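S.K.: Attaching a single structure in structure tokens format; questions to follow.
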Amino acid sequence: MPSCLGIVSVRRAIGPETRPVRTGRQPRTYRGQTMFQNSGVRDDAPADRRARRVAVGIFALLLLGLSALFVDLPLAQWLHANVSPGVDHVFEWIGEAGDSGNYAWAVLIVYIAALAALRRGRDGAWIGGYERVVRGALLLMAAWIAGGIVTGLLKQVVARARPELFFEQGIYGLGHPFQGKPFNSFPSSHALTAFVLAAAIAVVAPRWRWAVYTLAVLAAVSRLVNLDHFASDVAASALIAMTAVHGLKRWFLDPAYRWPMRVPWRWFARVAKR
11 MPSCLGIVSV RRAIGPETRP VRTGRQPRTY RGQTMFQNSG VRDDAPADRR
61 ARRVAVGIFA LLLLGLSALF VDLPLAQWLH ANVSPGVDHV FEWIGEAGDS
111 GNYAWAVLIV YIAALAALRR GRDGAWIGGY ERVVRGALLL MAAWIAGGIV
161 TGLLKQVVAR ARPELFFEQG IYGLGHPFQG KPFNSFPSSH ALTAFVLAAA
211 IAVVAPRWRW AVYTLAVLAA VSRLVNLDHF ASDVAASALI AMTAVHGLKR
261 WFLDPAYRWP MRVPWRWFAR VAKR
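Now the structure itself:
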């Protein structure tokens, strides 16, 4: 009996019993959130993530190449022969959804309004509040700029002839670098805008992902129906957009980085994550 009391007293002194977690066990999740919060446990190793990203990138580039060789021109010819003027007009209206001029000022105004509300101590009636809006708007603008730079450079360097040149003059292929319009088909700026918006909104508000990606796909399809771009042009833009958003989201959405909560002229006041 004394020995039992001694064991109990020692266990009380040490604290509650702990058991090691099995190494092969996957963490339980709820709505995408791991149950091992703040524990430093990650679902996969960095090397595995890098390998997966490289594999996805290679596969995507392979699909782009196959599309350019076997899909782009036959699809454009079929659309040219079968799309009626009425359908063409409808998709021309849908294509306006990919015009960056329709969103640039709106996103900037949303960012300024959300930042002002946040600095006044107001809380939004949604998950994440105004802080999530501020972070999401900054991510969208940063991905927009980064993707736009890449797209603009590729347009000039690749110098791909637009579909209209094939149907009007029989020209299909590449021109000279920096030749300018109409040798600027690859990639599509409108599709880039649509998919940057969709990817950023999907990251910040996952419940909206199906709706926003559906709109982005419609905007991309409109570029094909209106014979403004080939299939690989819009596919490349989608790849650039999603790469930009997911590549930058850590620095904008991670709560450890507090700089997005400051006014722009104080972003670089300190190097630390504050």
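Take the numbering used here: the last position of the sequence shown gets the number 284, and nothing is skipped along the way. By construction, the Cβ of each residue, glycine as well, lies at the ideal position given by its N, Cα and C atoms. As the structure is a prediction and not an experimental result, all values here were calculated from the model.
Let me know the secondary structure DSSP gives residue 170 once reduced to three states.
M.R.: Note: residue 170 maps to strand in three-state DSSP.
S.K.: Mind checking who residue 163 pairs with in its DSSP beta bridge?
M.R.: Residue 163 is not bridged to any residue.
S.K.: Taking 7 angstroms as the limit between beta carbons, can you name the residues of its chain near residue 210, skipping five residues before and five after?
M.R.: Cβ neighbours of residue 210 beyond the five flanking positions: 146, 149, 150, 153, 255.
S.K.: How long is the line joining the alpha carbons of residue 192 and residue 265, rounded to whole angstroms?
M.R.: Rounded to the nearest angstrom, the two C-alpha atoms are 44 angstroms apart.
S.K.: Looking only at C-alpha atoms, which of 215, 225, 212 sits nearest to residue 204?
M.R.: It is 225.
S.K.: Report yes if the CB atom of residue 86 is closer than 8 angstroms to the CB atom of residue 173, and no otherwise.
M.R.: Yes; because the gap between Cβ atoms is below 8 angstroms, this pair is in contact.
S.K.: Cutting at 8 angstroms between CB atoms, please list the residues of its own chain near residue 252, excluding the five before and the five after it.
M.R.: Contacts found: 205, 209.
S.K.: Excluding sequence positions up to five away, which residues of its chain have a Cβ less than 7 angstroms from the Cβ of residue 229?
M.R.: Counting only Cβ-Cβ distances below 7 angstroms, and skipping sequence neighbours, we find 104, 105, 107, 108, 200, 201, 204.
S.K.: Go to residue 191, then tell me how far its alpha helix (DSSP H) extends in each direction, as first and last residue.
M.R.: Residue 191 -> no alpha helix (DSSP H), and no H or E assigned at all.
S.K.: Is it buried or exposed, residue 99, if we count other Cβ atoms within 10 angstroms and call 16 or more buried?
M.R.: Residue 99 comes out exposed.
S.K.: Among 67, 62, 59, which one has its Cα closest to the Cα of residue 249?
M.R.: Of 67, 62, 59, the residue nearest in Cα terms is 67.
S.K.: Less than 8 angstroms between the CB atoms is what I'm expecting for residue 270 and residue 262, so what's the real figure, rounded?
M.R.: Correct: roughly 6 angstroms between the Cβ atoms.
S.K.: Where does residue 225 sit, in a helix, a strand or coil, going by DSSP?
M.R.: Three-state DSSP puts residue 225 in a helix.
S.K.: Alpha helix (DSSP H) containing residue 256: first to last residue?
M.R.: Note, residue 256: alpha helix (DSSP H), 241-263.
S.K.: Could you pull the start and end residues of the alpha helix (DSSP H) that residue 101 belongs to?
M.R.: Per DSSP, residue 101 belongs to the alpha helix (DSSP H) from 95-105.
S.K.: Please report the distance separating the alpha-carbon of residue 127 from that of residue 117.
M.R.: Roughly 15 angstroms separates the two Cα atoms.
S.K.: Measure the beta-carbon distance from residue 140 to residue 124 and round it to whole angstroms, keeping in mind my assumption that it falls under 8 angstroms.
M.R.: At roughly 5 angstroms, the Cβ-Cβ gap stays under 8 angstroms, so residue 140 and residue 124 are in contact.
S.K.: For residue 171 and residue 182, which I take to be in contact (beta-carbon distance under 8 angstroms), what is that distance rounded to the nearest angstrom?
M.R.: Confirmed, about 6 angstroms.
S.K.: If we count the other Cβ atoms within 10 Å of its Cβ and call it buried at 16 or more, is residue 247 buried or exposed?
M.R.: Buried is the call here.
S.K.: With distances taken from CA atoms, which of 64, 142, 195 is nearest residue 245?
M.R.: Cα-wise, what sits closest to residue 245 is 195.
S.K.: Based on Cα-Cα distance, which residue from 212, 73, 198 lies nearest to residue 142?
M.R.: If we check each option's Cα against that of residue 142, 212 comes out closest.
S.K.: Under 7 angstroms from any heavy atom of the ligand NAP, does the C-beta of residue 197 make it?
M.R.: For the ligand NAP, the structure offers nothing, since it holds no ligand at all.
S.K.: Measure the C-alpha to C-alpha separation of residue 88 and residue 63 and round it to an integer number of angstroms.
M.R.: Each residue's alpha carbon lies about 34 angstroms from the other.
S.K.: Under 8 angstroms, Cβ to Cβ, is there at least one residue of chain B near residue 177?
M.R.: Of the protein chains in this structure there is only one, and it is not chain B.
S.K.: If you run the structure through DSSP and keep just helix, strand and coil, what is residue 184?
M.R.: Strand.
S.K.: Quick check on DSSP: helix, strand or coil for residue 198?
M.R.: In this structure, residue 198 counts as coil in the three-state DSSP scheme.
S.K.: Got a sec, what are the start and stop residues for the alpha helix (DSSP H) residue 116 sits in?
M.R.: 114-129 is the span of the alpha helix (DSSP H), which, as asked, contains residue 116.
S.K.: When you compare only the Cα positions, how much space is there between residue 267 and residue 259?
M.R.: Looking at the two C-alpha atoms, the distance is approximately 11 angstroms.
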